[in-house]
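Numbering (the working numbering) for the sequence shown: 14 to 397.
Ideal Cβ placement from N, Cα and C applies to all residues, glycine included.
Remember, predicted model here, so these are calculated numbers, not experimental data.
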Amino acid sequence: MKINILLFWFGRHWGEGRTYQKVAEHLSKIREVRHVVCVFPPNPVKADACSWPLEIKKIGPKLTLLYQNKRVVPVSSRPYRLRKWINGFFKKHALLTYLRTRGFRRDTTMLWVFPPHPYLDELVKVIPHSLLVAHIIDNFTKLKEDKWLQDIASVQYPEFQRNADVVITGSEFNHRVFCAGRERCYLFENAADEEFFGEPSRLPYLSGASPRLGYVGTISQRTDISLLEHVARTRPEWNILIAGRQELSLNESGLLKLPNVQYLEIIPYQELPGFLKSLDVCLISHKNTDYCKSMSPLKLFQYLASGKPIVSTNIHGLERLKGYILIGETYDDFVKCIVQALREDTVELGNRRIEAARKETWDKRVQDMFAVVKKCFMEKQLAR
């Protein structure tokens, strides 16, 4: 029997290489998987506007993105009650009709959810399925700066911890929190795509250019912007390049006013390996907060695969790979680690990092995930 997988993510961004995207892509490559459909929250629609019930985007032969719109007809004029009923009817039945036409039946369907998600409880109740997988990446109950995510996570995490058939956690911290008192709870960290694997080489600055230090990833509450500013002010001859989505404004921090700091916005995912190749040192400048403790830094695996030296703050999620990273306990230590990387890095050390990353690929990671999930799925089928 081929398995259909319905995957739910709370954001709307596809193409940035986030964990849910890599899981979806690699699940769709598995022979036993018939189809993977990613369901996103609806795009905002004005009260006087209307839209189709579903927006469907085909990514590959077995992978589809689906946006379920909240509003099919406008709600800004009368009769409001009828219009509200029409929207509710299409919201529920359009999705179910689409899934039936794709062969999503109860006995073939697995729900793979990434809580928190604003419509997750409703969707899990409405969509027939045989197995429920809850995949916990970051622990948003620890994200005090985002009340919306924190509030939904505080309700949904305990619910899925109790009711999910399988719980997958992305960090050792989350594994301890969510696996207490339950079976079928597994730890799978992030990984690297094959495209990120480079060839070990001498650092580019040795050819006579100024050293290039790079930070890749979402700029958020976890990012220690003050640390980046300290590095830039302490060593003005170094160039600091920052690439990623801004959830926290860099303009307000004043960091971008420094002449040796450049913000490159969001670099397309397919161009990231080339960008990493151009760097001398890769930076993980994260704060050591409770929220950061729950993370498995995706950039760590991408950096490793590039072969470039890595300098990080002393955060959780590095434990298994600390032998390949320079760690600064203080701001001044962080700068010293960068100096050490520039002076002492070799082609041999770069090769060691690449070989370590070869054990941490998305293909292997998702194959291992699917193996434990499939086992549970088949056990439930036999028990019926």
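*H148 - containing beta strand (DSSP E), residue span*: 144–149 is the span of the beta strand (DSSP E), which, as asked, contains H148.
_Suppose you measure from the CA of F288 to the CA of L78; what does that come to, to the nearest Å?_
28 Å
_Close Cβ partners of P92 (< 7 Å) along its chain, the five nearest in sequence each way excluded_ = With a pLDDT of 47 at P92, under the threshold of 50, the modelled position of that residue is not reliable, and no figure is offered here.
*Of all the options L108, K372, V274, G221, which has the alpha carbon lying nearest to the alpha carbon of L241?*
V274
*Just the Cα atoms here: how many angstroms apart are E278 and G28?*
14 Å
*Leaving aside the five residues before and after Y282 along the sequence, list all residues of the same chain whose C-beta is less than 8 Å from its C-beta, in chain order.*
G28, E29, G30
*Residue range of the alpha helix (DSSP H) that K312 falls in?*
311–319
*Should K312 go down as buried or exposed, given a rule of 16 or more other Cβ atoms within 10 Å for buried?*
buried
*When you compare only the Cα positions, how much space is there between V180 and A147?*
5 Å
*Would you report the Cα separation of E373 and L331, rounded to the nearest angstrom?*
Within the model, the alpha-carbon separation for E373 versus L331 is close to 13 Å.
*With distances taken from CA atoms, which of R44, F53, K75, A204 is nearest R333?*
Each of R44, F53, K75, A204 was checked against the Cα of R333, and the nearest Cα belongs to A204.
*Could you tell me which residues DSSP pairs with N17 in its beta bridges?*
DSSP output for N17 lists H48, T122 as bridge partner(s).
_Paired residues, beta bridge with Y344 - DSSP_ = Beta-bridge analysis with DSSP links Y344 to no other residue.
*Is N327 helix, strand or coil by DSSP?*
coil
*asked:* Using CA atoms only, rank isn't needed, just tell me which of R25, C51, L145, H243 is closest to V36.
replied: If we check each option's Cα against that of V36, C51 comes out closest.
*Determine the burial state of M382: buried for a count of at least 16 other Cβ atoms within 10 Å of its Cβ, exposed for fewer.*
buried
*Going along the chain, which unbroken runs of the beta strand (DSSP E) with 3 or more residues stay wholly within the region 233–321?*
252–256, 274–276, 294–297
*Does the count of Cβ pairs from the region 148–159 and the region 119–135 closer than 8 Å reach three?*
yes
*Segment contact flag, the region 245–259 with the region 223–231, C-beta cutoff 8 Å, min 3 pairs*: yes
_At least three beta-carbon pairs within less than 8 Å, the region 136–146 to the region 382–392_ = yes
_What does the Cβ neighbour count give for L161, buried or exposed, with the cut at 16 atoms within 10 Å?_
It is worth fixing the name first, because residue 161 is Trp in this sequence and not Leu. So W161 ends up on the exposed side.
*Tell me whether N187 is buried or exposed, calling it buried when 16 or more other Cβ atoms sit within 10 Å of its Cβ.*
buried
*Please name the residue in D293, Y170, K71, L19 whose C-alpha comes closest to that of L317.*
D293
_Residue from D206, P224, D346, D178 whose Cα sits closest to the Cα of Q34_ = D206
_Which of the three DSSP states is assigned to A204 in this structure?_
coil
*Apply the 10 Å Cβ neighbour rule to E357 and answer buried if 16 or more other Cβ atoms are within range, or exposed otherwise.*
It counts as exposed.
*What are the residues that DSSP puts in a beta bridge with T77?*
V50, K71
*Span separating the alpha-carbon of Q169 from that of C198*: 17 Å
*Sorted by chain position, which residues of the same chain lie with C-beta nearer than 8 Å to P272's C-beta, five sequence neighbours on each side aside?*
P249
*If you draw a straight line from the alpha carbon of T41 to that of R47, how long is it in whole angstroms?*
Here residue 41 is Ser; the residue named in the question, Thr, does not match the sequence. Computed Cα separation, rounded: 8 Å.
*Quick one: give me the first and last residue of the alpha helix (DSSP H) that I165 is part of.*
Membership of I165 in the alpha helix (DSSP H) is indicated by the continuous run 160–176.
*From the DSSP output, in three-state form, read off R113 for me.*
helix
*Inter-residue CB distance, N364 and E342 (contact presumed, cutoff 8 Å)*: About 28 Å; that fails the 8 Å criterion.
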